Amino acid sequence: MNALALLAGSRPAFIGVVHLLATPGAPRYCGSSAALLARAGEDARALVEGGVDALLVENFGDAPFFAEHVRPETVATLA
Numbered sequence: 229m230n231a232l233a234l235l236a237g238s239r240p241a242f243i244g245v246v247h248l249l250a251t252p253g254a255p256r257y258c259g260s261s262a263a264l265l266a267r268a269g270e271d272a273r274a275l276v277e278g279g280v281d282a283l284l285v286e287n288f289g290d291a292p293f294f295a296e297h298v299r300p301e302t303v304a305t306l307a
């Protein structure tokens with residue numbers, strides 16, 4: 229289903245959010261991209277099994293956020 233069809237449907241869209249652990253370059257990054265991806269995958273699977281229509285991925289674990297400049301390794305992780 230494309231985004232337009234999802235938003236124009238007869239019922240509200242059910243969008244699940246995958247909150248990532250801290251990404252590379254963030255102060256609380258644990259040093260393991262494998263752990264970050266494994267956790268994100270587990271959360272995504274649970275949301276899909278729960279019936280979501282779409283997923284939104286957010287770097288919630290990157291606190292504090294860098295408002296003025298996003299580090300390249302953060303962008304690469306989210307790509």
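Counting from 229, one number per residue, gives the positions in the sequence shown under our numbering.
Using N, Cα and C, we set each Cβ at its ideal position, and we do this for glycine too.
These numbers come from a predicted model, not from an experiment.
In chain order, LEU248, THR251, THR302 and LEU306 place their CB closer than 7 Å to the CB of ASN287, counting only its own chain and leaving out the 5 sequence neighbours on each side.
Look at ALA295 here: in three-state DSSP terms it is coil, with no helix or strand label. Here DSSP, grouped into helix, strand and coil, assigns ALA272 to helix. For the options ARG256, SER260 and LEU265, the alpha carbon positioned closest to that of VAL246 is the one of LEU265. According to DSSP, GLU286 shares a beta bridge with HIS247.
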